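Here is the structure we will look at.
In the numbering used here, the protein residues as written are 611 to 1267.
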């Protein structure tokens, strides 16, 4: 590789822990456009099956290699080249398509309801179980073991969990209340660290890191905004006006649901356009779209300013999206986080399903014990988890309403089709994949399944040899305005058992960066589709270069050297990421319905559907609810069984609607 002098200064030529570059699909034109200041394109860093997936670095998640079989099925080329189906002698009471949290929860619920002697096969195309709940492990140069989350982040708001979710968590050994001890809520405060905002020269004319303080005029004065924008931003935060005069409270709430936050800022608050630019990506992480598509009502729930002068009351509005309702009423601290995120839930489910794969019984051991991947798919095990295998067809053996079995065909590691028999099937894969797996569905259900357009995103973990630069700057992270990445933060301060979070500035840490691939100006579903296409053009090299460039510039005042201080990078690419959530102003049918998920998740014959898509809600507890619900669709609901949540978002009775 011929590195430029700039690349060498950034450390692109350093021998850090990353996946070696391998021959792959050449980057399409446009990849370098999506990242600012990226330079020429290069080949993808391809993933290949590894013996211990959490320790793999480089490009992870939904890579080209993980998706090529299903893409061939989609494009109509798989069956013409795959060869004849090999009928195996394997037969199961249940086959689950997808080893994410919803699929694992469905397997657990099936065996609890049908009996522990029932045989279950779980099939997944990725190299690890958990789906979006992915674990990344690192070994620092001082020998310390560090863990990061590569996808699904935390258990949000246990107060709103359904009885079924609470029951399942208890059954697999998870007690959310214990995170009140595991999570050090005063970690930043005890070290005098604050948040900051980084303004990049590409958008703002200069690089500037501004530390947020409790005095709005003080920190706003230090930004590179023009004078009017500074004044408007201060007023918006400190003394917003009545921007919707002449309307009743209910009319105002409905109006705010009908306009975007960008329109609210520009057309009603009439702020300088730089203020809208400042907030442009502020809703990305929570709603999957920027302020050009998120409603002003949801932006209010998100904490965006400008609403305190309009007598809107303290009650949540029915027009808020599910996540807006949650944000506005959330009674819990955001502390329910395993070091590997919701991979901790996935590991607990695997431990319950395949005890030989993960030792221990405690929550702490979910973090510290190593999974034996060779134990996941043993012939004598009542539950088998088969990774690196993509299901390509599901069909009842006869008419769906009278069949006694289902044939499930998957592509093995060589891409060849192999079939197994199943008494029941749970499709815990993405909604839009399902119509490619079966021809047994009607047009209405197919249309409802295709309504779900997953939101693409990247979760990146950067392992640093220490966090001295953050300590010198007295920050624990920063939001980036004008950069490809949303910012960078020191990971959550969670210690469990023998796993201890960083204490002193000399300790190594994991830094988390994320990017939601939005396409401003388009409707939300179209943004997701365009974002997925853009994401699939990006190479690991480009992402690494942009990470090093951002950190080097933002943390320069703390003496950060990206060539010296970065020891490992893992980019988790989720081209099919968040489940799409119903929200106004785009979804006028929300909340009164009918909701597409109601038609999409209908079971037929011996097949049911379980995934976050079927709840239209990208949360781990929703995935669990849908897994439990899918099993009940097949077997019926046992008398006295705890209720599941079938409606998107927090229970309406708990939020006062």
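Glycine included, each C-beta is placed from N, C-alpha and C at the ideal position.
All values derive from a computational prediction rather than experimental measurement.
Alpha carbon of residue i to alpha carbon of residue j, nearest angstrom
i	j	result
residue 1209	residue 716	20 Å
residue 1162	residue 620	8 Å
residue 773	residue 965	25 Å
residue 1016	residue 1212	17 Å
residue 670	residue 1022	20 Å
residue 847	residue 895	21 Å
residue 822	residue 832	10 Å
residue 641	residue 1151	Bear in mind that the predicted position of residue 641 carries a pLDDT of just 34, short of 50, making it too unreliable to give a figure here.
residue 871	residue 613	43 Å
residue 754	residue 1254	41 Å
residue 1032	residue 1006	9 Å
residue 959	residue 1234	11 Å
residue 1267	residue 1153	44 Å
residue 799	residue 1086	10 Å
residue 1044	residue 780	31 Å
residue 841	residue 850	12 Å
residue 1250	residue 1262	22 Å
residue 1053	residue 673	31 Å
residue 733	residue 961	17 Å
residue 1119	residue 1171	15 Å
Short Cβ contact (9 Å threshold) for residue i with residue j
i	j	result
residue 1194	residue 933	no
residue 929	residue 1201	yes
residue 1004	residue 1035	yes
residue 1337	residue 664	Because the chain here runs from 611 to 1267, residue 1337 falls outside it and cannot be looked at.
residue 1091	residue 891	yes
residue 903	residue 1187	no
residue 1191	residue 1109	no
residue 570	residue 1207	Because the chain in this structure spans residues 611 to 1267, residue 570 falls outside the shown range and cannot be described.
residue 1230	residue 955	yes
residue 679	residue 1019	no
residue 1241	residue 789	no
residue 899	residue 1126	yes
residue 626	residue 1100	no
residue 1089	residue 808	yes
residue 997	residue 739	yes
residue 836	residue 884	yes
residue 1264	residue 1167	no
residue 815	residue 834	yes
residue 861	residue 854	yes
residue 1259	residue 769	no
residue 978	residue 1106	yes
residue 756	residue 1080	no
Reference residue i, options the options, closest by Cα
i	options	result
residue 982	683, 786, 1236, 968	968
residue 1038	696, 689, 710	710
residue 989	699, 1083, 941, 618	699
residue 1122	1136, 1131, 1102, 1109	1102
residue 910	1042, 926, 898	926
residue 749	1078, 1244, 1179, 1153	1179
residue 745	952, 712, 1013, 854	952
residue 1047	675, 697, 682	682
residue 758	948, 1258, 957	948
residue 747	775, 1264, 817, 666	666
residue 702	724, 924, 1096	724
residue 714	944, 1027, 775, 692	775
residue 1097	1124, 1081, 1085, 1083	1124
residue 1198	684, 905, 834	905
residue 736	1244, 1184, 1251	1184
residue 761	742, 1243, 1238, 828	742
residue 856	921, 842, 962	921
residue 980	623, 615, 697, 661	661
residue 1203	1244, 1257, 1246	1257
(Q) Contact between the region 1147-1163 and the region 1204-1220 is defined here as three or more beta-carbon pairs at a separation below 8 Å; is this criterion met? (A) no
Q | Minimum length 4: unbroken alpha helix (DSSP H) runs contained in the region 1093-1174 | A | 1134-1145, 1150-1164
Q. Can you find at least 3 beta carbon pairs, one from the region 726-745 and one from the region 993-1001, that sit closer than 8 Å?
A. yes
Q. Is it a yes or a no for the region 1143-1152 touching the region 1102-1116, going by three-plus beta-carbon pairs under 8 Å?
A. no
Q | Segment contact flag, the region 790-798 with the region 1068-1079, C-beta cutoff 8 Å, min 3 pairs | A | no
Q. Taking only runs of the alpha helix (DSSP H) that begin and end inside the region 677-720, which ones reach a length of at least 4 residues, in chain order?
A. Listed in chain order, they are 688-692.
(Q) Could you tell me which whole alpha helix (DSSP H) segments of length 4 or greater appear in the region 831-914? (A) 837-848, 859-868, 883-889, 894-897, 906-911
Q: Write down every uninterrupted run of the beta strand (DSSP E) in the region 1206-1237 whose length is 3 residues or greater and which is fully enclosed by it, in chain order.
A: Runs of the beta strand (DSSP E) inside the region 1206-1237: 1217-1219.
Q.
Could you check whether the region 1048-1067 touches the region 774-793, counting it as contact only if at least three pairs of C-beta atoms, one from each stretch, sit closer than 8 Å?
A. no
Q) Quick one: any contact between the region 1131-1139 and the region 813-829, if contact means 3 or more CB pairs under 8 Å? A) no
Q) Can you list the alpha helix (DSSP H) stretches of 4 or more residues lying completely in the region 937-1015, in chain order? A) 953-963, 973-978
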